């Protein structure tokens, strides 16, 4: 059928468009007046400082990354689009979850379903990455079948890297849209100590601390301890957002050539499920009026969501000599989630009484993941080679028990809670195991100003799923080769055009409704772009991409069961600029155009329809000015505007066309004041308190996050 996208009217506010264009252009105009600086290759040092791909960044611009190539490489010579959200940006915007962290990042959408305290539903270039594209310190956080979702704590991150496009050559099983790599805070040999207290909207009270430094005079041992405790209600009645987080780490560096970093964390979340409301009263008119966005549709005292997450691992690196480096990264982790809810399933003829169902899900993931690397550098004629040989393995055990049944009706405009909750039968009881081993090879070849990146990977994946209800076992073994090739050329003025081709391979666990194991997902992408980095404070990226995904899994929003669809295509344009002007103004600007549609589907009605939850246009601009002298010294003023264009939900109109979700423009702001060791802050998200629908699926709509104002005091000592 024909897509309704052709008839849509997308509008990007002209002021925001001009502002972003100015930010994109200003570094280039400034560079014409400055001395031309030729970028040198960034080398790994072992002198006690962390590689720049994981160390703290000053401002919003990262000079290098380890996410794009697993070697410390400048972002500008990596032939793939990469965005980095630094700890400075996270703090300036007071981002409290991963969705908020990615609000100003091109090509990434972190708040797909709007207000969502349980987990982060991430999408990159139109495709989900929450189940297959979350990484922590370059090691995967598996979540097959969405058995147990993650909600990573931003305060524990040194930076968040977003690698766009298929990345299986280095990372094995990863989604086609890309991946999000959470880079943990690591011990520093210089002393850093801070305590932070916050209070704000929804009775928020939060305490944080971050303590790091050397523990001996020889600077061979350093430790760090990061912690957070939060007690908070939310914009929805009877829904809280409480968290406890603790992340100890230790670095031992007995010599300049050897380093061992031990990383651990523990996290406990106590919240309730998000709310889904009928379309009539959210996206569509209702004679009873709009549904309040604070309305709770479950049962107080019953609805609950608890997450218990823990991990322990290490990173080991040894320089045999100047040309050979050995690395081994290991993590053992567990994620245990209990989720029980009474949720909306329909609306009766009176347009005020909702039907409800009970859904309880108990999922657990136990994982062991290891990545072994050998890095070699060599010179062959005029070519300099950085060769990476790797062997990685992951062993994942998954258990999932789900109960589903009817629940009582509720007047959503005048709710009376407390009706008996009937028992729900067990409809899913599965244990799954996924083992994957991959061997990969990458060669970064530098000849004069050219950089050629070639890579290949061979994967073997075995999965087995036991249905405890029937006793049936489904198993399969998949093998695949994936490749990657890219070329970039670094001009003397800081411009670096590039072109690349990438593939991905994603084995799956679980079975369809007929008990058949799912086929592995595959994807491939072509990307052409240009990067501009005239100095270490500025990075501009412009990228065009064409991405095709085949045999991908989605979660049915009604039954919560996994379904395998056919093919989807996403193509578009991304622009992102990060810069610091006059050592006082930090700016990030982004624009994303995405044309994504379903090209093949198990349900023919969906073919030709736009890909769900993917706006055609998105734009964002944020800036923070810090006064460096005079009477206003110490004052910081920040403001941002975000435009989220029209999108299409996973719901259909009576004529089988996809249901449109209107666009929205949101404003954020911040005021900070540094007084020596003390910093005061006032942050506002959705400053104008826009009430908007974030998305629609099935017969439901979800609201976005309303205005939140937070005050903070930071003491550094």
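Numbering (the numbering used here), first residue to last: 1 to 717. Glycine included, every Cβ here is placed at the ideal spot set by N, Cα and C. Predicted model only: the values in this text are computed from it and were never measured.
The C-beta distance from residue 182 to residue 152 rounds to 5 Å, short enough to meet the 8 Å contact threshold. Bounds of any beta strand (DSSP E) do not take in residue 168; it lies within the alpha helix (DSSP H) bounded by 168–171. Per DSSP, the beta bridge partners of residue 433 are 397 and 464. For residue 406, the three-state secondary structure derived from DSSP is strand.
Within the region 674–709, the complete beta strand (DSSP E) segments of 3 residues or longer fall at 678–685, 693–697 and 700–703, listed in chain order. Residue 641 and residue 467 have their C-alpha atoms some 49 Å from each other. For residue 224 against residue 211, the beta-carbon gap comes to about 7 Å, under 8 Å, which counts as contact.
In the three-state DSSP reduction, residue 671 falls in the strand class (E or B).
Note that the region 212–223 does not touch the region 152–162; fewer than 3 beta-carbon pairs, one per stretch, sit closer than 8 Å. Residue pairing from DSSP leaves residue 631 without any beta-bridge partner. In the assembly as shown, residue 138 is a buried residue. Its beta-carbon has 16 or more other beta-carbons within 10 Å. A Cβ-Cβ separation of about 23 Å leaves residue 184 out of contact with residue 147 under the 8 Å criterion. A distance below 6 Å between beta-carbons, with the five flanking residues on each side excluded, links residue 683 to the following residues of its chain, in chain order: 94, 670 and 710. Residue 501 holds the alpha-carbon nearest to the alpha-carbon of residue 525 among 501, 69, 68 and 403. C-alpha of residue 413 to C-alpha of residue 637: approximately 41 Å in a straight line. Listed as beta-bridge partners of residue 498 by DSSP are 488 and 529. The Cβ atoms of residue 80 and residue 563 lie no closer than 8 Å to each other.
When rounded, the separation of the alpha-carbon atoms in residue 123 and residue 370 is 26 Å. For residue 211, no alpha helix (DSSP H) run applies; the uninterrupted beta strand (DSSP E) run containing it begins and ends at 204–214, by DSSP. Under the Cβ criterion (8 Å, minimum of three pairs), the region 269–289 counts as touching the region 116–133. Ranked by how close their Cα comes to the Cα of residue 384, the residues 360, 394, 452 and 357 have 452 in first place. Residue state for residue 239 is assigned as coil, using DSSP reduced to three classes. Counting only runs that start and end inside the region 257–304, there is no alpha helix (DSSP H) element of at least 4 residues. Taken through DSSP and simplified to helix, strand or coil, residue 443 comes out as strand.
The distance from the Cβ of residue 609 to that of residue 592 is about 20 Å, inconsistent with a contact at the 8 Å cut-off.
The criterion of a C-beta distance shorter than 8 Å is not satisfied by residue 461 and residue 426. A Cβ-Cβ separation of about 4 Å places residue 342 in contact with residue 298 under the 8 Å criterion. DSSP, reduced to helix, strand and coil, places residue 155 within a helical segment of the structure shown. Here residue 599 is not near residue 537, since their CB atoms are 8 Å or more apart.
Annotation: the continuous alpha helix (DSSP H) that includes residue 101 extends over 98–101. Annotated three-state conformation of residue 414 is coil, per DSSP.
Residue 476 is bridged by DSSP to 463. A residue is called buried once 16 or more other Cβ atoms fall within 10 Å of its Cβ, and residue 575 is buried on that count.
Boundaries of the alpha helix (DSSP H) around residue 89: 87–93. Check the Cα spacing between residue 99 and each of 685, 318, 232 and 715: the tightest is with 685. The straight-line gap separating the alpha-carbon atoms of residue 666 and residue 277 is approximately 22 Å.
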